[in-house]
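Residue numbers (the working numbering), protein chains in the order written: chain A, 52 to 325; chain B, 2 to 322; chain C, 8 to 501; chain D, 703 to 1008.
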Amino acid sequence: MARPIHAVSLWLGAAISGAMLAIALLSLVWTPYPPTAIDIVHRLALPSARHWLGTDPIGRDIASMLMAGARNSLLVALIALAVGAGLGVPLGALAAARRGWVDELVMRGSDLAFAFPALLTAVMIAALAGPGAGNAMLAIGLFAAPVFARLTRGAALGVWPRDFVLAARTAGRGNTTITLLHVLPNIAGVLIVQATIQFALAILAEAGLSYVGLGTQPPQPSWGRMLADAQTYIFTAPRLAIFPGLAISLTVLGLNLLGDGLRDLLDPRLRRAR
Amino acid sequence: MSALLELDDLSVRLPAAGPVPLLDRVSLSLERGESLGVVGESGCGKSMAALAIMGLLPPGAVVSGGLRFDGQDLLAAPEAAWCALRGRRIGMVFQEPMTALNPIQRIGAQLAEGPRRHLRLGRGAAESEVLRLLDRVGLARISPDRYPHQLSGGQRQRVMIAMALACGPDLLLADEPTTALDMTIQGQILALLAELAAERRMALLLITHDLGVVARHAARTLVMYAGRVVETGPTPAVFARMAHPYTHGLFAASPHAIMAGGRRRLPTIQGQVPEPRARPPGCCFAPRCAAAAEDCRQSPPMLAPLDAGHLAACYHPRAAA
Amino acid sequence: MKTMLQTVLASVLSAALLAPPAIAAQDTLSLGMVLEPPNLDPTAGAASAIREVTYANIFEGLTRIDAAGAVKPGLAQSWEISPDGLTYRFHLHAGVHFHDGAAFDCSVVQFSYARAVAPDSTNAQKGLFEPIARTDCPDPLTAVVTLKHQAANFLFDMGWGDAVMVSPGSAAGNKTHPIGTGPFRFVRWVQGDRVDLERFPGYWGTPAKLSAVSFRFIADPAAATAALLAGDLDAFSNFPAPETLPQLRADSRFTVAIGTTEGKTILALNDARKPFDDVRVRRALAYAIDRRALSAALFSGLAPPIGSHYTPADPDYVDLANIYPFDPARARQLLKEAGVAPGTRVTIALPPPPYARRSGEIIAAELQDVGLSVSLEPIEWAQWLDRVFKRSDFDMTIIAHTEARDLDIYARDHYYFNYQSPGYKSLYAQYLAALTPAAQKPLLVGLQRKLADDEPNVFLFALPKIGVWNANLHGLWRNDPIPANDVTSVYWGQ
Amino acid sequence: MARFLAGRCAILLATLLAASVLVFLVLQVLPGDPASIMLGTSARPDTLAAMHHQLGLDRPLWQRYPLWIAALLRGDFGVSYTYSVPVADLLRARIAISLPLALLAMALSVALAIPLGVFAAARRGHLSDTLVMGVAQLGVSVPNFWLGLLLVLLFSVKLGWLPAGGFAGPRSLLLPAVALALPQAAILARVTRSSVLETLGEDFVRTARAKGLSRAAALWRHAVPNALIPVITIMGLQFSFLLAGTIIIENVFNLPGLGRLIFQAIAQRDLIVVQDLVVLLAGSVIVVNFLVDLAYAALDPRLARA
């Protein structure tokens, strides 16, 4: 009986995520106004036909900034995700394939990396190399890497004792070949589900970093920074704080729903539990 | 005087799993002190019957027909009445002793739970009761402070039995109590069950796929196939004739038959039990039956008496030997 | 409209959480500050927040600067200057004691000045003491300071926070437990939260009217506003949320005082780097930037635009703000004349203060508009000091120079924006040699005009001092001639 | 058990040591001079040198690291460059805000999430389950700092019940703790629900029902205790997020806690404070995860034999 609900979450999630992606892509070619165009005279305009969501304290069109912010958020999160998976998956697969001290080293390393919250890493990187989207990507990626490493290792360990792997081993295949041909395809579902969830987390993290000034830098619009800028106007123009927060929440919600739906689709073990 | 347990055309359906009943008009009755063996391949509805008697069917299950325990109509009974019966007057031993015990509770606490709840025993009384129960099932030297994972499979099943017996029930349901155990342990456990049943004049409903077990431990036998009763009667009569081809097939496939008949090869029944939603219109066993004729495929046969108390649902029952 | 639930919740919550604070007797003050001082010793650190807590309240110098920026007697009740300008004879107040009971006399002056110039001194303005040759004590209440050379600003300089009197017995602990001679003594410092002072009963001069002062540190503008509205704070002398001023002005509970500061906010250019070595480019930038829009966006229009490195608060100020009116077309044309191709990449380094970060976004957009390709580079103070200030490794940066009357920085050989003008230097030398205000005035005007003409940096606006305080509070400084929250004569009235 | 503990402790110490080296090295290559921040733009070279000497920055790296670590091991956190007070005093004052905040948030989220998760699992498939899980899904998606802003908007700006920021007694921790707790509670409720659902399907729950326990008794006495074991792991993992969240939330609410201290210390190049803080934060994450492992072993007798 629970199936239709989760089909709903899959489709709703896909729809929201797709819409956000579409908005991000659209912003490459069109926004109502240039997102960085300043119009001091019409600063803090209320939502109207002219400016759908109004303007910010220096007269930029909020709808346009949100659209461009979508592009920025998705891009940063995607690259951070690539960094995290790119580091974590091979390391986890290696740990599972080699076991022994390699395994121990990878796991302890991931403990160490995990002990530094992404924010702390970002603060350090920003102090070293200056704040910026690139460094935010790196920090979020570094934080996601241990998650991928642990997940990959755990799932891969479950695949290694299986018969077809033993068969491949007996046939003289090396660890790398087996990992690529047998192990990774078998855990791909778990990884895809996790990637969706990490994607959502990365969007939240990017927003958080931009909010404290360590993420995407001006003039590039960013949802997190829009929130930070809005904070001083919370008494006079609270709407400035509402729209970017909604954008973040909606995007994350879409990805989470998508992740849930995918989990039901791809991960039979969890399907039973739901 | 009515029977202790009476099933009257009891049917169970799970709408989520399809419209076909998982248990199809099953009738049986069990007297105090009597033992009944229920046999069949996995998936034929044996466990469903036991769960129906316990009132522990999965949520959404639709039950029809009659179910009476000691004269009480259980299908009309409220949940509280069920709770008062379970563990108190009906005990149940499950198939899988490895998972049927709570892994993070000491066995003593798990054993005491029933008596404390139903018999209102105090802490001290419950503790000594636990020791007595452990002793009775042959675990005198096992401390109640142990956790399930510290026991062997046989020991855990003894704990399960002790748990089922804790409040001195009138009816004991044993759902494949030995399937998960080593051969050597199986005999001990079954012997213990039979002994305890006799000692307390408990009715015993022994569910198994092993005809040999039934032959030795049950006074009456009931054979199920695809949710229906296909043959039932006093154990000696059923074994003597094996009127339903399925009963015969089961016997031929049982390891005991090798010993009895001295045959080398272990024959199997061709095919599988049909999925509930793929049941044929006629006799469910027809597709696997060597003796199936045209009438078997038209409509399902009803249970029909063969001789005293011995019934079979077959258009072409095997002749008495 | 309040719903029933809200009303119920409100009463429950207010009972539980908002137990009303005891009605304060009206002789205490709770004053908000944006930045917390890193320590409380004005002779060992540059942060203005140190002075904003301690100056005049805890520590006093021989002279002091008043609300108008004038030099007034401090611990020295009077002084005589020798005709050659090299000997200063200070007559000290009698009966002055430090908060720990130590007596103040000429030996303390000797100690304080010697400590400031000692090799291990960490006085941020060591240069102020550079002219001092020696300090003599003919008697305990007379201090004779002999200079190596003439120093026209000496009395003004000795009124700075960096030149206050500290006691030999307690100087080492002043960073965390300051002990001075002022009308208030230190009570406690809750790091990250507040510094508490109380009236010093043994004060030598007119006792303070307030019995206790609490300096509260609230960096967040929204929190600052909330604290004022809620009455948690009595005053915020440098209020960080100009965007909420309309609301506060409309509220009769508050006085909103817009004053002046010495904060000359400039778009500093690296004049040694192409294309900023060309005056046409610098003027083009000046035409491209709309100062009034900046002021409107950042300070609700309260920041006066400036056209040179001087503010309306300074004496002899000339209004040059309209020399380069906002004219993007003119800017484009000048850039073209100077051979700056459209799309030329320039970077603006932005230090952390909000005025810099926000102006940066606006200026970037305006410069993009005249054809430059601008990237913004937000950096921390540490990096700004290291890269921009120390190593001159930058194109443009936005910064407020808060030192008073600091026209000298344009006459230096090496300063971070690398302005090199023999004409300016000679003019400045003439100014230094001028002895009377009458002689100085035309030179000061000339210096201002020269800077406006050469536009070594783009002069943007003067930071306003936005004071917001309880309407019953009197005696707070409206202007900011030096960084200080002098509360010695603050009182409550109707 | 003793060997297991000793082994875990050794790994714990090694990880902490690695973290300390990492932090120390990163900070050394950080551009910017603490002395020039303290002394400003008018400072002369000799003044800067005097300040370097006073801070001990004129010693070489290989001397400063062992000195720092040795002092740390003695419980001496050093003296803050900018505040000139013992770092331990600073930390104590800041922890007095951050720790109650984190604990309050954790307690709130647990108090909210576990009953809701169990409730949803017990009412699986019902409207109330869908509703609770839908709200949880929303909660997971809302950034805590935005939630903080919304709470300020509602409770401080509109209703004026609670302070918008700053620390004015324990009531100042209420909004930030709620902002931190709600998203965490949403995650925890989801985990609890699926864990309880998983254990509800276990044989031993059926055994309990066969003993005559009511549905609720079997749920609370058998299913929930087993289900909470994996939930504890998630709570341990959440601690790291909670710390990061605390750092941001303290900025939203302008609370003088560890989070603000670390931003400020980095900006002012108060290296010793940054070093101590990072080791403290990383250390607390490591220690919490260690404690979670221990709790796991204590709660699940199957692991105790390891």
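Using N, Cα and C, we set each Cβ at its ideal position, and we do this for glycine too. Only a predicted model underlies this, so the values are computations on that prediction, with no experimental measurement involved.
* Do you know how far the Cα of S161 (chain A) is from the Cα of M260 (chain B)? -> Its pLDDT being 48, under 50, M260 (chain B) is placed unreliably by the model, and the measurement read from it follows with that caveat. If I take the Cα positions, the gap works out to 59 Å.
* Under 8 Å between C-beta atoms, does I225 (chain C) make it to chain D? -> Output row for I225 (chain C): interface = yes.
* When Cβ atoms are compared, which residues of the region 198-230 of chain C fall closer than 8 Å to chain A? -> D227, P228, A229
* Asked: Excluding five sequence neighbours on each side, which residues of the same chain lie with their C-beta closer than 6 Å to the C-beta of M118 (chain A)?
  -> I74, S78, T82
* **Cα-Cα separation between I405 (chain C) and G709 (chain D), rounded to whole angstroms** => If I take the Cα positions, the gap works out to 55 Å.
* First and last residue of the beta strand (DSSP E) that includes G39 (chain C)? -> From DSSP, the beta strand (DSSP E) with G39 (chain C) extends over 35-40.
* Asked: Got a sec: is the Cβ-Cβ distance from R962 (chain D) to anything in chain C below 8 Å?
  -> True, the Cβ-Cβ gap to chain C drops below 8 Å.
* Asked: Just the Cα atoms here: how many angstroms apart are I243 (chain A) and L890 (chain D)?
  -> 22 Å
* To do: Check M172 (chain C) in the structure and name its three-state DSSP category.
  => coil
* Just checking, does the region 90-104 of chain A make contact with the region 263-280 of chain A on the three C-beta pairs under 8 Å criterion? -> no
* Under the three-state reduction of DSSP, which class applies to A110 (chain C): helix, strand or coil? -> In the structure shown, A110 (chain C) sits in a strand (DSSP, three-state: E or B).
* beta strand (DSSP E) containing F222 (chain C): first to last residue? -> 219-224
* Within 8 Å (strictly less), CB to CB, does I988 (chain D) reach chain A? -> yes
* Neighbourhood of W211 (chain C) by C-beta distance below 6 Å, restricted to the same chain and skipping five residues each side -> H100, G102, V103
* To do: Using a Cβ-Cβ cut-off of less than 7 Å, list which residues of the region 42-76 of chain C approach chain A; keep chain order.
  => none
* To do: Determine the closest residue to D1002 (chain D) out of B:Q151, B:R33, B:L52, B:A126, with distance taken between C-alpha atoms.
  => B:Q151
* is_contact[D460 (chain C), chain D] using C-beta, thresh 8 Å -> no
* CA-to-CA distance, V907 (chain D) to A207 (chain A), given in whole angstroms -> 31 Å
* Who does G234 (chain B) pair with in a DSSP beta bridge? -> B:T222
* List the endpoints of the continuous beta strand (DSSP E) containing A264 (chain C). => Here the beta strand (DSSP E) through A264 (chain C) covers 261-276.
* Asked: What residues from chain C crowd round M753 (chain D), counting only those whose CB sits closer than 8 Å?
  -> T129
* Based on the DSSP secondary-structure assignment, which residues constitute the bridge partners of Q73 (chain B)? -> B:F70
* Determine, using beta carbons only, whether P185 (chain C) and F193 (chain C) come nearer to each other than 8 Å. => yes
* Tell whether a beta-carbon distance below 8 Å holds between L223 (chain B) and L37 (chain B). => yes
* Do you know whose CA, among B:A279, B:G123, B:T236, B:Q156, lies nearest A216 (chain B)'s CA? -> B:T236
* Asked: So what does DSSP say about E462 (chain C), is it helix, strand or coil?
  -> coil
* Alpha carbon to alpha carbon, what distance is there between L312 (chain B) and A287 (chain B)? -> Rounded to the nearest angstrom, the gap between the Cα atoms of A287 (chain B) and L312 (chain B) is 18 Å.
* **Where the region 92-107 of chain B meets chain D: residues whose CB sits under 7 Å from a CB there** => Under the 7 Å Cβ criterion, the region 92-107 of chain B contributes M93, F95, E97, T100, A101, L102, N103, P104, I105.
* To do: Taking 8 Å as the threshold, find out whether the region 220-231 of chain C comes into contact with the region 442-457 of chain C through three or more Cβ pairs.
  => Short answer: they don't touch.
* To do: Indicate the three-state DSSP secondary structure (helix, strand or coil) for L467 (chain C) in the structure shown.
  => strand
* To do: Could you list the residues in the region 812-846 of chain D with a C-beta less than 7 Å from some C-beta on chain A, going in chain order?
  => G827, T832, Q839, L840, V842, S843, V844, P845
* For F906 (chain D), which residues in chain B fall below 8 Å Cβ to Cβ? -> T100, A101, L102, N103, P104
* Residue interval of the alpha helix (DSSP H) (run including S738 (chain D)) -> 736-741
* For the alpha helix (DSSP H) holding D748 (chain D), just list the boundary residues, first then last. => 747-757
* **Other residues of its chain near G76 (chain C): CB distance less than 8 Å, five sequence neighbours each side excluded** => A320, A411, N486, P488, I489
* Might you give, ordered along the chain, the residues of its own chain that have their beta carbon closer than 6 Å to the beta carbon of A121 (chain A), omitting 5 neighbours on each side? => M71, I74, A75
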